[in-house]
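Student: Input: one structure, supplied below.
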Amino acid sequence: MKSLIQHADIASVMQDINSRESNDKSFPSVSIIIPVHNSIEWIEECLVSVIDQTYVGRIQVSLYDDASNDGSDIMIHAWRSLFQQFGISTVASGRCWGYHQNNGQLLFCNIHDYHSCHAGGIGHGKNMATCQSTGSYLLFLDADDVMFPTRLEKQLQLAAKNPGAILGGCWKRLPAGSTEHYESWANVLEYERLWLEQFREVTVQMPTWCMSRSVYDALGGFVESPPGDGEVGIDYDCGLVQLIARTCPYLLFECHPVNHPSNMNPKSYLRTLLDPLHLGEDFIFFQSFLDSFGPINYDGGHSSIARAGTPENPTLMYRWSPESGTSRVSRRQLARIRVAAFERRILSQASWSHFSIWGAGRDSHVFFSELSKKAQSQVVAFVDLDSGKCGTAYTNHHCGTPTTIPIVHFKEFSEYLRKERAALNDSGSVPVVACVAKRRKGEGCAGDLESNIGTLGLLEGLSLWYCY
0 MKSLIQHADI ASVMQDINSR ESNDKSFPSV SIIIPVHNSI EWIEECLVSV IDQTYVGRIQ
60 VSLYDDASND GSDIMIHAWR SLFQQFGIST VASGRCWGYH QNNGQLLFCN IHDYHSCHAG
120 GIGHGKNMAT CQSTGSYLLF LDADDVMFPT RLEKQLQLAA KNPGAILGGC WKRLPAGSTE
180 HYESWANVLE YERLWLEQFR EVTVQMPTWC MSRSVYDALG GFVESPPGDG EVGIDYDCGL
240 VQLIARTCPY LLFECHPVNH PSNMNPKSYL RTLLDPLHLG EDFIFFQSFL DSFGPINYDG
300 GHSSIARAGT PENPTLMYRW SPESGTSRVS RRQLARIRVA AFERRILSQA SWSHFSIWGA
360 GRDSHVFFSE LSKKAQSQVV AFVDLDSGKC GTAYTNHHCG TPTTIPIVHF KEFSEYLRKE
420 RAALNDSGSV PVVACVAKRR KGEGCAGDLE SNIGTLGLLE GLSLWYCY
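Following this line, the structure appears as structure tokens:
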């Protein structure tokens with residue numbers, strides 16, 4: 000994977016950028032939040048893209064070095080004076096930084112040994128960079144991504160119309176084609192689907208976020224991993240690590256006595272034990288935001304989620320690698336976040352006092368397992384189309400008394416409900432949460448899943464939600 004701008008070309012690129020006609024106080028001030036962890040290969044092109052912005056309001060760059068050991072800290076220090084030349088204020092600090100005086104001049108130094116200073120993680124880096132910033136709007140930028148020149152301008156225009164929203168942006172992937180299906184799905188979601196797919200995942204991707212400081216402050220920032228766990232790789236093949244896993248199995252399976260780990264691969268259940276260390280900070284923040292600001296924005300006639308740009312005119316070059324933080328969050332951890340949010344916002348409604356789960360496979364079982372006991376008692380049935388499963392029952396043995404739920408064929412579901420005298424809605428059914436993976440498709444495309452669920456006469460967003 001090569002840099003867009005080779006280091007030798009940085010100087011010539013800088014010469015092509017005219018001094019910014021900026022700092023117009025009639026426009027909102029913006030802090031660009033850039034947490035940095037071992038980003039020496041990409042950070043210069045990232046910072047050049049800040050100088051190239053067309054936005055004429057006041058811009059502040061807030062850099063936080065989260066225990067880099069590749070020279071990123073030196074690069075941050077060098078760029079502070081460059082930003083000053085272009086009328087951009089800068090604030091920078093680091094987890095392992097200290098300062099000393101030299102002839103009255105305050106100079107930074109790295110006061111800790113690299114090996115003893117661990118990174119605080121994704122949430123920590125964003126929180127620290129935000130806390131030291133002062134802009135009325137926050138624009139998040141990963142140190143390995145590159146902004147298109149109009150990103151700030153487009154997102155701040157959108158913010159004026161949606162002041163309490165999370166504002167995302169269309170993006171292009173680096174390297175091109177590395178996540179082609181995901182890229183096409185994310186960039187063509189219509190406004191309605193940004194809302195309707197809120198439980199599936201973050202519908203506007205975190206590296207493109209912009210929001211008012213008041214939104215961030217109201218939510219208290221991002222959750223943080225325990226110190227030392229955020230960006231530190233864990234060697235699951237290490238003999239000592241596997242020994243700990245073998246000798247402490249009930250730390251993992253204290254609520255799952257049936258699935259004793261003695262017959263499991265040590266690496267597999269150790270990964271599950273350490274799942275919470277990769278928290279899914281963006282998904283947690285997104286769901287907390289919808290808890291707090293969804294009702295407020297709805298009552299005020301504003302959008303909670305909006306996206307700037309188009310696939311043809313994106314806001315960001317978004318770099319992908321297998322080591323990215325979002326790639327390391329486990330399916331189970333994402334399910335925990337998803338189910339907890341669904342229970343808070345949907346299952347608390349009177350119309351969902353009884354509901355069914357579409358699907359009787361792995362994802363449906365995980366969804367059910369993560370529900371509270373009260374919410375589990377609200378489940379009427381699993382609905383499926385596999386004749387081999389239908390007519391049987393699913394028994395959940397996790398934590399406490401086993402719970403058994405019938406599995407019903409979707410064509411027989413309405414008749415089943417009448418016989419069971421379940422609480423029916425106006426369509427003669429009960430609400431359904433679909434826990435079958437929904438293929439990412441192009442705009443306007445529908446698949447067999449949607450067609451089959453459509454036979455129940457439910458209304459998506461009221462009596463039907465997709466969660467996978």
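Numbering (numbering that gives the first Met the number 0), first residue to last: 0 to 467.
Note that beta-carbon positions come from the ideal geometry of N, C-alpha and C, so glycine has one too.
Considering only their Cβ atoms, is the gap separating residue 381 from residue 356 smaller than 8 Å?
Tutor: Closer than 8 Å, so yes.
Student: Should residue 169 and residue 391 be called a contact, given that it needs their Cβ atoms to be closer than 8 Å?
Tutor: Contact flag unset, no.
Student: Closer than 8 Å by C-beta to residue 364: which residues in its own chain qualify, once you throw out the five before and the five after it? Chain order, please.
Tutor: Cβ within range, chain order: 393, 395.
Student: Report the CB separation of residue 202 from residue 188 in whole angstroms; it is logged as a contact under 8 Å.
Tutor: Contact holds; Cβ gap of about 6 Å.
Student: Could you compute how far the alpha carbon of residue 386 sits from the alpha carbon of residue 300?
Tutor: Roughly 46 Å separates the two Cα atoms.
Student: Return the residue from the list 361, 377, 140 that minimises the CA-CA distance to residue 548.
Tutor: The displayed coordinates of the chain run from 0 to 467. Any statement about residue 548 would go beyond what the structure contains.
Student: Pick out the complete alpha helix (DSSP H) segments inside the stretch 116-190, 4 residues or longer, and give them in chain order.
Tutor: The qualifying runs are 121-130, 150-160, 179-187.
Student: Could you check what DSSP says for residue 332 in three-state terms: helix, strand or coil?
Tutor: In this structure, residue 332 counts as helix in the three-state DSSP scheme.
Student: Quick test of your reading: residue 176 and residue 207, contact by CB under 8 Å. State the CB separation rounded to the nearest angstrom.
Tutor: Actually they are not in contact, since the Cβ atoms of residue 176 and residue 207 sit about 19 Å apart, beyond 8 Å.
Student: In angstroms, rounded to a whole number, what distance separates the CA positions of residue 437 and residue 410?
Tutor: When rounded, the distance between both Cα atoms is 20 Å.
Student: Work out the CA separation of residue 319 and residue 307 for me, nearest whole Å.
Tutor: Whole-angstrom Cα-Cα distance: 21 Å.
Student: Got a sec, what are the start and stop residues for the alpha helix (DSSP H) residue 65 sits in?
Tutor: Taken as a continuous stretch (DSSP letters only), residue 65 belongs to no alpha helix (DSSP H), as it is neither H nor E.
Student: Return the CA-CA distance between residue 209 and residue 121, expressed in angstroms with no decimal places.
Tutor: Rounded to whole angstroms, residue 209 to residue 121 spans 17 Å at the Cα level.
Student: If you measure between the beta carbons of residue 64 and residue 93, is that distance less than 8 Å?
Tutor: In contact: residue 64 and residue 93 (Cβ atoms closer than 8 Å).
Student: If I'm right that residue 296 touches residue 287 with Cβ under 8 Å, what's the distance once you round it to whole angstroms?
Tutor: The Cβ separation is near 14 Å, so there is no contact.
Student: Determine the direct distance from the alpha carbon of residue 397 to that of residue 403, and round the result to whole angstroms.
Tutor: Straight-line Cα distance between these residues: approximately 11 Å.
Student: Who are the Cβ neighbours of residue 430 in its own chain at under 6 Å, not counting the five residues just before and after it?
Tutor: Within the same chain, residue 430 has close Cβ partners 351, 354, 462.
Student: Quick check: what's the CA-CA separation for residue 277 versus residue 448?
Tutor: Straight-line Cα distance between these residues: approximately 31 Å.
Student: Nearest to residue 145 by CA position, among 280, 31, 56, is which residue?
Tutor: The option with the nearest alpha carbon to residue 145 is 31.
Student: I'd like the list of long-range same chain contacts for residue 460, defined as Cβ closer than 6 Å, with 5 residues on each side in sequence excluded.
Tutor: 195.
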